[in-house]
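5 is the number of the first residue of the sequence shown in our numbering; add one for each residue after it. Even for Gly, the Cβ is constructed at its ideal location relative to N, Cα and C. What you are looking at is a predicted structure, and each value in this text was computed from that prediction instead of being measured.
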Amino acid sequence: MERRRRTPTHPFIHELELSRARETRSILLGCVLFPIRITLAILFFLLMWPIARLRLAGLSEAERGTASGKGGRRWLLHPIVLFLSRGVFFFTGFMWIKVKGLQAGQKEAPVLAVAPHSGFLDMLVLCVAGLPTVVSRSENSKLPVIGALLEFNQAVLVSRKDPESRRKCVSQIKERLTSNGYWPQMLMFPEGTTTNGQALIKFKPGAFLAGVPVQPVLLHYPNKLDTVRWTWKGMSWLECLWYTTSQFYTNVTVEFLPVYTPSQEERDNPELYADNVQKLMARALEVPATDFIMEGLFPATKLGGLSLPLESPAGETLKLLRRHGFSVAQVETVVNSMIDYCHSKPDRVVNVEQLTILLGLTDKKTAAKICSLYSKNDTLDLRQLCLSVCTAAGLRSQEALLHTAFTLYDSDGDDLLSAEDLSGLMAALVGVPQYSIAEMYAELTTRGQPTEAALYDLLTTHPTYRKLLQEYFQSKQAGQVLADGNHNGIPNRKASHNNNGLQNGNGVTSKKSE
């Protein structure tokens, strides 16, 4: 019996469902092959540790930053690390690697752009390409063995939390890619995250910033069981490793496409360059090129520069609250009290303990989980939680929701939005950060002063942004529960913050009338 695979709703889900016979076979083979293969792979992995450390041993920080990787040390150590790297993948089941096309030299193509990116097993392309340099998170440099290999590779390290580190990373990448052969080729996964391979998501522009020629590289896994995908939802990395090592072998083909040389327009516009390479690779793979991205902790799609989550943190928050017995009315009451809290406090960022009290929970675990949905630490902006939950649960009409958002994000109280205000407001409404708000803010200011009425007009009349109300907010507000039974849908009784139904000609509350 053949395996059964669910059709995913987007490229960030991969689930492998086996028939009983295949599952039994996998368990039996895994009990034999998994411990043997993992032991041998770990052994080869550990052997690379001391050898990798020798590459830059004794060099000063300045010398490490300028070494090109040429010379005696590279001549001696590089073949050894390459052999051991290939051994690691050999023992995990990649006994043969089929190569199509020819790899270009560094001067012909300083960048190798690899897609689709399925998981950590994709790193086998490094063996085929001769260990080109990579970009990695700075946190990885502290990991055993991994840190030594990144040092050996002279990888570009970046801290995603530090803006200065990101700027330095961009500068280093440009310097290396325009070194005219001084630095080795650089290998990048321009998707920036892993997918199920059924579509190419939007490429990040990092690999294309220098405007140098790129060689697209495709990864194919033509196997009966697709065990190599480690995505946002579905198989975990451990399941991925178990099922892969439980097969007798895993097929993989690395295909080098012809070098892509950018036009002058593409050199001037890295995002256009990235989009064109994405489309070229998608055609070669016979999959769609999409606008899906991974924004923070959640997959999203792009709309006029905005990032719209495919599965919003607010939806997950509502599920958590329902598990704790919250009815719609209770959710509404809690949200209203938190909005009042936001209006009364200058600092709207709360920690887990404060959120536990505001939600009326008896334990901190649920509050900590909600925080983790919105941020990478134990705090969150309460405005973002309130407004995104209002959107997801349909607790306010569109006009009332926008009015509440405007009053919360009008930072200086002048009835006008700055670009930063708009970024925060839109992030709160949809539930994920918004980093590319310039296009939307420019459209807003073409309508005059960036007032609440102008924002509502933009969202209801602009051909791109009205989709936000018509398709995104409207779908979220199906079965809307109006809080106070009137057309305004705002239960908050504080006169200074509510909507008394006095509207201007655009259908948006005028603050002056309050």
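In three-state terms, what does DSSP make of residue i?
i	result
Q158	coil
L20	coil
R59	coil
R141	strand
Q202	coil
M99	coil
Q358	helix
V335	helix
P83	helix
A25	helix
A108	coil
A133	coil
V149	coil
V291	coil
L191	strand
A487	The pLDDT assigned to A487 is 35, lower than 50, so where the model puts this residue is not dependable; a value taken from the coordinates is nonetheless given after this. It is coil, neither helix nor strand.
Y186	coil
G319	helix
P15	coil
R170	helix
F330	coil
A211	helix
H121	coil
R180	helix
Given a threshold of 16 other Cβ atoms within 10 Å of its Cβ, counted over all protein chains shown, does residue i qualify as buried or as exposed?
i	result
K206	buried
L80	exposed
Q474	exposed
C244	buried
I374	buried
V160	buried
P226	exposed
N340	buried
C173	buried
Q282	buried
I297	buried
P495	In this prediction, P495 has a pLDDT of 37, which is less than 50 and means its spatial position is unreliable; nothing more can be read from the coordinates.
A56	buried
T450	exposed
L242	exposed
I177	buried
Y378	buried
N184	exposed
Check the DSSP bridge columns for residue i and list the partner residues they point to.
i	result
P313	A304
E299	F302
Q219	L116
L473	BP columns for L473 are empty, so no partner.
L44	L44 is not bridged to any residue.
V92	DSSP lists no partner for V92.
V353	D385
Relative to the alpha-carbon of residue i, which residue among the options has its alpha-carbon at the smallest distance?
i	options	result
T257	S341, G62, H224	H224
A371	Y378, V356, G364, R59	V356
F98	Q107, L116, V132	V132
V335	G308, A278, T395	T395
F94	G62, G105, V118, V129	V129
A90	E168, S376, F49	The sequence as given places Arg at residue 90; Ala does not occur at that position. Closest by alpha carbon: F49.
L324	G308, L307, K368	K368
R287	D272, L222, P226	L222
E403	Q453, I31, L463	L463
Y460	S348, L405, K104, G151	L405
L310	A211, G123, S440, G398	S440
L213	P274, E112, E447, D425	P274
S331	A397, D279, P209	A397
G364	M342, P454, A211, T197	M342
V291	T199, T137, T248	T199
G210	L191, L204, A203, Q202	L191
Y116	W241, L154, L181	Inspection of the sequence shows that residue 116 is occupied by Leu rather than by Tyr. The residue with the shortest Cα to Cα distance from L116 is L181.
L412	Q453, A458, H466, K349	K349
A446	R164, A431, H466, R352	H466
Q158	A458, Q202, A61	A61
Q268	L448, P217, P148	P217
L22	S30, P15, F16	S30
Less than 6 angstroms between the CB of residue i and some heavy atom of the ligand MG, yes or no?
i	result
K228	Summarising the ligand content, the structure contains no ligands, and the ligand MG is consequently not present.
**OP:** Identify every run of the alpha helix (DSSP H) within the stretch 224–288, keeping only runs that are complete inside it and at least 4 residues long; order them along the chain.
**Re:** 241–249, 268–272
**OP:** Would you list, in sequence order, the uninterrupted alpha helix (DSSP H) runs of no fewer than 4 residues that lie entirely inside the stretch 417–471?
**Re:** Segments of the alpha helix (DSSP H) lying fully in the stretch 417–471: 423–434, 442–449, 456–465.
Subject >> Residue ranges of each alpha helix (DSSP H) within the stretch 362–419, 4 or longer >> reply: 368–378, 386–397, 402–413
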